[in-house]
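Undergrad:
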Amino acid sequence: MSEDKKFKDSYVLCIGGMNVDKKVQLLENLVLET
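Here the numbering used here is used: position 1 in the sequence shown is 1, and no number is missing along the way.
Okay, here's the thing in structure tokens:
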């Protein structure tokens, strides 16, 4: 039970981190284009 929750938490954190990376990349692309 606790192991499953731990896995789910790390999965959500991983997905959240990926989303942040994508946002940063988009921002960098916008800055480079202007």
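Glycine residues also receive a C-beta, built at the ideal position from the N, C-alpha and C atoms.
Treat the numbers as computed from the prediction; the structure is a model and nothing was measured.
Measure the C-alpha to C-alpha separation of Lys22 and Tyr11 and round it to an integer number of angstroms.
TA: Taking the straight line joining both Cα atoms gives about 17 Å.
Undergrad: If you draw a straight line from the alpha carbon of Gly16 to that of Lys8, how long is it in whole angstroms?
TA: Gly16 and Lys8: Cα-Cα distance of roughly 12 Å.
Undergrad: Distance check for Glu33 and Glu3, CA to CA, integer angstroms please.
TA: Spanning the two alpha carbons is a distance of roughly 45 Å.
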